Amino acid sequence: TTKNVAVIVGSLRKESLNRKMALALEKLAPDTLKLGIVEIGNLPLYNQDFDDDPPKPARDFKDQIQNADAVLFVTPEYNRSVPGVLKNAIDIASRPYGKSAWDGKPGAVISVSPGAVGGFGANHHLRQSLVFLNVPAMQQPEAYIGGAGKLFSDSGDIANDSTREFMQKFLQSFAQWVERHSAR
Ligand code: FNR
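Just so you know, the sequence shown maps onto residues 3 to 186 in full-length UniProt numbering.
In structure tokens, the structure reads:
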């Protein structure tokens, strides 16, 4: 059966390399995974005062995570950590306490950077939250995609054969991971 994967991109800018990666992955995914970006740019800043009655964009976002079979994070690294917009989205769907939308969703992390280190710091800081949120996050293969400034063709495809094949394998492994860790 096909699993719906909520793809969360940790950058809001139009020309985001991470968004390009997410869109390229939608096309590379095996038939058993349906990838779709869930937007986070319209979310308010998380405020615990609103836990009883969250603003509509926050409620809608949480519902979309709740309805997904799995989650895939595609994120840049900001100052060696997770961009605030992504952390905000994670916090929003995690509350109120005991009612987290993340609980038990199989997940994976991809970090993309024009730099050489491939967003390793963000990738692993994100995993720290996923441990607490009970998101079983695929350990292997890891995806720290560096040098991404030259990675995408004008049509948005991954122009480098070895990276494209690697991402394809990553998605196949993720499909198995999702199958193995799905409640249904
Ligand atoms: C960055 N960038 C960056 N890159 C990196 O590899 N490690 C880092 O710690 C940082 N820190 C950082 C902080 C802030 C505030 C910005 C705006 C940028 C550079 C970053 O990787 C680059 O801008 C990417 O292109 C951002 O990803 P998107 O927007 O292209 O998806």
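Glycine is no exception: its CB is placed at the ideal position from the N, C-alpha and C atoms.
This structure is a prediction, so every number in the text was calculated from the model and none was measured.
Do G123 and ligand 1 come close, with the Cβ less than 8 Å from some heavy atom?
In the sequence shown, the residue the question calls residue 123 occupies position 121. Yes, ligand 1 has a heavy atom inside 8 Å of this Cβ.
Would you list the residues sitting across from A8 in a DSSP beta bridge?
Counting from 1 along the sequence shown, the entry for residue 8 is found at position 6. G38, V73.
So, are the CB atoms of V76 and I160 less than 9 Å apart?
Here residue 76 is taken as the residue at index 74 of the sequence shown, counted from 1. Here residue 160 is taken as the residue at index 158 of the sequence shown, counted from 1. No, the pair does not count as a contact, with Cβ atoms beyond the cut-off.
Nearest-angstrom Cα distance between G120 and P78?
Translated into positions along the sequence shown, residue 120 becomes position 118. Translated into positions along the sequence shown, residue 78 becomes position 76. If I take the Cα positions, the gap works out to 8 Å.
Have a look at the DSSP bridge pairing and note the partners of Y48.
Residue mapping note: residue 48 aligns to position 46 of the sequence shown, counting from 1. According to DSSP, Y48 bridges with nothing at all.
Does the beta-carbon distance from N136 to W104 come in below 9 Å?
Stepping through the sequence shown from its first residue, residue 136 is reached at position 134. Stepping through the sequence shown from its first residue, residue 104 is reached at position 102. Yes, the pair counts as a contact, with Cβ atoms nearer than the cut-off.
Using a threshold of 9 Å, state whether the C-beta atoms of residue 190 and L37 are closer than that.
Residue 190 falls outside the range modelled here, since the chain spans only 3 to 186, and no answer is possible.
Who are the near neighbours of residue 2 in its chain, counting only those whose CB is closer than 7 Å to its CB and skipping five residues on each side?
Because the chain here runs from 3 to 186, residue 2 falls outside it and cannot be looked at.
Return yes when the Cβ of S115 is within less than 9 Å of the Cβ of G148, no when it is not.
Translated into positions along the sequence shown, residue 148 becomes position 146. Translated into positions along the sequence shown, residue 115 becomes position 113. The answer is yes: Cβ separation under 9 Å.
Is it right to say N81 is buried, meaning 16 or more other beta carbons lie within 10 angstroms of its own, or is it exposed?
Indexing the sequence shown from 1 puts residue 81 at position 79. By the 10 Å Cβ count, N81 comes out exposed.
With burial defined as no fewer than 16 other Cβ atoms inside 10 Å of the residue's Cβ, what is the status of R182: buried or exposed?
Taking the first residue of the sequence shown as position 1, residue 182 is located at position 180. When all chains shown are included, R182 counts as exposed.
Residues proximal to ligand 1 by C-beta, any heavy atom closer than 5 Å:
S13, R15, S18, L19, N20, P78, E79, Y80, N81, R82, S115, G117
Would you kindly report the start and end of the unbroken beta strand (DSSP E) that includes V111?
On the sequence shown, position 109 is the one that residue 111 refers to. First-last of the beta strand (DSSP E) with V111: 109–114.
Classify A177 as helix, strand or coil using the three-state DSSP reduction.
Stepping through the sequence shown from its first residue, residue 177 is reached at position 175. Reduced to three states, the DSSP call for A177 is helix.
If you follow the alpha helix (DSSP H) that E28 is part of, which residue opens it and which one closes it?
Stepping through the sequence shown from its first residue, residue 28 is reached at position 26. 19–30 is the extent of the alpha helix (DSSP H) around E28.
Since S83 sits in a beta bridge, which residues does DSSP pair it with?
Taking the first residue of the sequence shown as 1, we reach residue 83 at position 81. According to DSSP, which records beta bridges pairwise, S83 is partnered with Y80.
If you follow the alpha helix (DSSP H) that Q130 is part of, which residue opens it and which one closes it?
The count along the sequence shown starts at 1 and reaches residue 130 at position 128. 122–134 is the extent of the alpha helix (DSSP H) around Q130.
Less than 9 Å separating the beta-carbons of F63 and I39?
Numbered from its first residue, the sequence shown carries residue 63 at position 61. Numbered from its first residue, the sequence shown carries residue 39 at position 37. Not in contact: F63 and I39 (Cβ atoms no closer than 9 Å).
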